[in-house]
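Chains as they are written, first to last, in our numbering: chain A, -2 to 67; chain B, -2 to 67.
Glycine is no exception: its CB is placed at the ideal position from the N, C-alpha and C atoms.
A quick write-up on the structure given underneath.
Number of protein chains: 2
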Amino acid sequence: MESSVLIKFGQRIRTLRKARKLTQKQLAVITGFHYNYIGMVERGERDLRLTNIELFASAFDMSLSELFNI
Amino acid sequence: MESSVLIKFGQRIRTLRKARKLTQKQLAVITGFHYNYIGMVERGERDLRLTNIELFASAFDMSLSELFNI
């Protein structure tokens, strides 16, 4: 499951979350995901579907292109 | 299953494929997907996982950020 792109994406989510001073639980509330899922995403353990990736982009008020501008 | 982001992504894939004068079958060979899957993606019928999105980016020699620069 773990691959380079998943690791990079997870690190990106963690960086953006911390820059906004949000806990995983707070980001979970914003996105509607369970906070365990947030943790798995940040560790690169989930191969997210596009509609879920979009929910993270929306939570950070970014376009998908900006979200992937790693 | 169909949502705005999937429709937009599918149109993007179709546009990029046609700009390169590739058939769905040719893009299938490049990506390793079945050509039926390419058609479903282009119609916004598949909610792709990130690792599969990356295969399309690689096929078009683009970063993920460029691929989503719709």
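Exercise. Which partner residues does R46/A have in the DSSP bridge list?
Worked result: R46/B
Problem set entry | Local conformation of L93/B per DSSP, three classes | Within the shown structure, residues of chain B are numbered from -2 to 67, placing residue 93/B beyond reach of any answer.
Exercise. Does any C-beta atom of chain A lie closer than 8 Å to the C-beta of I10/B?
Worked result: no
Problem set entry | For S62/A, the first and last residue of its enclosing alpha helix (DSSP H) | L61 to L64
Exercise. Mind checking if I50/A is an interface residue toward chain B, Cβ cutoff 8 Å exclusive?
Worked result: yes
Exercise. Does the beta-carbon distance from L52/A to R46/B come in below 8 Å?
Worked result: no
Exercise. Does the count of Cβ pairs from the region 28 to 48 of chain B and the region 58 to 66 of chain A closer than 8 Å reach three?
Worked result: no
Exercise. Residues of chain A with a CB under 8 Å from the CB of D44/B: which are they?
Worked result: R46, L47 and T48
For this session: Please confirm if F30/B has its CB atom under 8 Å from at least one CB of chain A.
Result: no
For this session: Please confirm whether R9/B and I67/B have their CB atoms less than 8 Å apart.
Result: yes
Problem set entry | Collapsed DSSP secondary structure at S0/A in the structure displayed | coil
Exercise. Taking the alpha-carbon positions, what's the G36/B to Q21/B distance?
Worked result: 7 Å
For this session: Give the interface partners of L13/B over in chain A, defined as CB-CB distance under 8 Å, in chain order.
Result: Chain A residues near L13/B: none, gap ~14 Å exceeds 8 Å.
Exercise. Helix or strand or just coil, what does DSSP make of I35/B?
Worked result: helix
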